[in-house]
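Going by my numbering, the sequence shown opens with residue 2, and the numbers climb by one from there. A short worksheet on the structure shown next.
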Amino acid sequence: MKRRDDSAAAAGSRRGRFVGPLLAANVAVLGITVTLLTVASLRSVQRANADRVMDQRTAVARAAVSTETGRYRTLLQAVAAGAGTNARFDRTDFAAITAPLDTADLLGAISVAFVVATGPDDIGRAQATWRARGAEGLSLRAHAGAPEHYFSIFGRALHGGTPSSSGIDVAASSEATAALVEARRTGQPTVSDTYILLRDRGLPPRQQQLSFAFVAPVYTPGAQPVFQGWMVLGLRGQDFLGGVLSTASQNQLDGELLATNGDGRRVRVAAYSVRGSRDLIRQATFPVANRQWTLVTSADSAFLPGARSSLPTTVLLGGLALTLMLAVLVHVLANGRSKARWQVQVATAELRTAEAESRRQAGLLGAIMNSLGDGVGVVDGNGEFLLHNPAAKALLGVDDKVRGPGEWQSHYGLFLPDGRTPFPLEEMPLVRALQGESSDGVEMMVRNAERPDGILISVDGRPLDESAGQPGAVAVFHDITELRRYETDLSVFAGVVAHDLKAPLAVVRGHCETAADELAEADDSAEVAGAIRALERITLAADRMAAQIDTLLAYTTSKDAPLRRETVALGSLVDDVILGRSGPRRPGDAPPPDFYVGPLPDIYADPGMLRHVLDNLIGNALKYVPKGRSARVDVTAGQAGPGWCRIEIADRGIGIPDEDKPDIFESFHRARTAAGYAGTGLGLAICRRIVERHGGQIGVGDNPGGGTRFHFTMPLAAGVLEITPLPQPTLDSVS
Ligand code: ADP
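Listed below in structure tokens is the structure:
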């Protein structure tokens, strides 16, 4: 049962160990998935935003570039139209017509010029003509090898640029020439392919930039429009694009302006770049005069407003942190829960085991109670019987249906051993035990309807042990009727022995003494003296025999005589024994013995029996000494556990060989060394019986420094809780 509970608890604990990490892992996976999905959807929203913003910005940039180029073209066309209104167009007209361009905010435009075409042979005439129209100091510098020359006659610098120097031959630039020719052919404004402006060709390459020119033909209106020349607007591509894009894109777009040249090649007019990496690219194509231009825009989505924010990163980090915290929390909670569940399982298993164990114990206790020969009765704190075993019922003869201690005497018929005096309530062992006082061997007579002849019982009472969990008392009792009868028989026998054996001896002794006295008075012859010595030996033999009878009686009664214990003053008893052993001294006796008696406590014993023990041990200590030496005897006592004392009798005598020590308490055993010393070998056997009947132990050992040291234990008298151990006596002082 227990093993099954344990293994179930262990399996539960194994399962419980995995629940926490499993739940935490699930939460972590779920949390990370949700976080990543949220971040991905945020990113896609941002991407869509970025695309939208990019489209908008590109459309704006394209419109700006397209509108600007259209505006340049329109303005130039207007200037060309203005110039055409006067067939004798001169410097003043040019200045007036081009004046609005100064304030038109034409980004990248550096100059506007009026250009005329001249055949190689007409250069001188043309120079004269235009000088006459205000181009003072005009000097036409023809580009060698050109079939036709295109001279810049008037010029105006725009935006702080320098005016193109009058008189230069545009034929030096094939791109510009092509635009002029095309404009004259179509009568429409044209834009040139990109080229380095003639005026910039002298600059260092790093300062040169691709430029282009807007060209508008100048016709004198009328039924037959007469071609006059061209208005040419020179623009630096980079300045143009930079100006337009920086305004249109608010510095968030890169731009690359590509012009498709006459030969179909795509040439980069200008590029404008802003910070960041380019992850968005758009392309838009639009017409510029007679050409198609392409604006390629690119941008870093990070810098497009509303297109990217730190929100996904924040969500990612926040989500991961939250997931981690949740996983840890779940782990801790799940662990705590599974641990608690496991503890409950273990506690339940332990409880079941304890329950089974206590049931087993109760069964065992019941079985013991039922099989006990002694009667056992247990009462609660109020004196109500909780338990009476079958032996108790059999002994007492009546049931235990009784209301409290007050009725015990009459119900059970309890009397003092005299059989007449009702047993006093306050003396009853259970009543004393309820007041916390233990008692042993209290004798009482039980006489009731079921026990009309009465039985004598011996009762021990004890307060109920604390482990019972409630106050109460327990009494154990047994029938001693037979024992008492036997003891009575024994004492009768002892009396008979004492009387019938010792009385004749006393008579023999008395007659011997009388005969010896009379013989001594009648004659002092040698024969009479011999008869008197014989009578004295008879007297001694009679004494020895009387002593033997005493010893045998003691040997018998020490086993079976009832213990009549009481508080005994050990010190007085020892003094008494020593006094009895110190008889009158005769000449030739060994020197008198030397006694040391330490402080001795009161003990709880049968005084007669205890006296016998002390007398025997002290007698041996006095007896077994080398001839001619005085005896030294020490009697001391010390603590031997709670409620017990250890009494020691040590001597400096002949000692006991080790091989005899285990046997000297056996009846009739005498050591080899005892030869020459009178004795029966029964004294120590009697001592052991008496000590053991008191619940004590007896033993022997060598006395350090020589001699023998006997010890035995006896219960201390009530109230003597502890005795102070004293230093051992100074046996060494005896030599
Ligand atoms: P008994 O003295 O009558 O022979 P005991 O039973 O008193 O019988 O002692 C048993 C034996 O133990 C003795 O014969 C003796 O050999 C030995 N013995 C007892 N006490 C002493 C002692 N104090 N010193 C030496 N030997 C002892």
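Beta carbons: idealized from backbone N, C-alpha and C, even for Gly.
Backbone CA spacing between residue i and residue j [nearest angstrom]
i           : j           : result
residue 613 : residue 576 : 13 Å
residue 659 : residue 608 : 32 Å
residue 733 : residue 625 : Model confidence at residue 733 stands at a pLDDT of 45, short of 50, so the residue's coordinates are unreliable; what they give is reported in the following sentence. So the alpha carbons of these two residues sit roughly 18 Å apart.
residue 142 : residue 168 : 6 Å
residue 581 : residue 623 : 12 Å
residue 77  : residue 58  : 28 Å
residue 686 : residue 721 : 29 Å
residue 349 : residue 392 : 38 Å
residue 406 : residue 434 : 12 Å
residue 303 : residue 177 : 42 Å
residue 543 : residue 515 : 15 Å
residue 353 : residue 469 : 20 Å
residue 708 : residue 702 : 9 Å
residue 269 : residue 46  : 34 Å
residue 174 : residue 145 : 12 Å
residue 284 : residue 246 : 14 Å
residue 3   : residue 366 : Note that residue 3 scores a pLDDT of 46, beneath 50, so its modelled location is shaky and nothing firm can be said.
residue 437 : residue 548 : 46 Å
residue 753 : residue 42  : Nothing can be reported for residue 753: it is not among the residues displayed for the chain, which extend from 2 to 736.
residue 199 : residue 281 : 37 Å
residue 414 : residue 441 : 20 Å
residue 293 : residue 255 : 20 Å
residue 100 : residue 216 : 18 Å
residue 374 : residue 457 : 15 Å
residue 403 : residue 409 : 7 Å
Bounding residues of the alpha helix (DSSP H) (the contiguous stretch that carries residue i)
i           : result
residue 559 : 527-561
residue 715 : First-last for residue 715: 709-716, but that is the beta strand (DSSP E), not the alpha helix (DSSP H).
residue 397 : 391-397
residue 583 : Residue 583 -> no alpha helix (DSSP H), and no H or E assigned at all.
residue 621 : 608-624
The ligand ADP heavy atom lying under 7 Å from the CB of residue i
i           : result
residue 637 : no
residue 632 : no
residue 652 : yes
residue 625 : yes
residue 448 : no
residue 517 : no
residue 670 : yes
residue 685 : yes
residue 621 : yes
residue 675 : yes
residue 657 : yes
residue 709 : yes
residue 665 : yes
residue 383 : no
residue 680 : yes
residue 704 : no
residue 371 : no
residue 617 : yes
Residue i and residue j closer than 8 Å at C-beta
i           : j           : result
residue 574 : residue 646 : no
residue 675 : residue 630 : no
residue 188 : residue 220 : yes
residue 605 : residue 523 : no
residue 171 : residue 181 : yes
residue 321 : residue 36  : yes
residue 289 : residue 70  : yes
residue 416 : residue 425 : no
residue 239 : residue 275 : no
residue 539 : residue 503 : no
residue 386 : residue 398 : no
residue 271 : residue 325 : no
residue 495 : residue 564 : no
residue 335 : residue 32  : no
residue 462 : residue 420 : no
residue 229 : residue 90  : yes
Any C-beta of chain B under 8 Å from that of residue i
i          : result
residue 81 : The structure shown contains no chain B; it is built from a single protein chain.
For residue i, the first and last residue of its enclosing beta strand (DSSP E)
i           : result
residue 647 : 645-652
residue 456 : 452-464
residue 440 : 440-449
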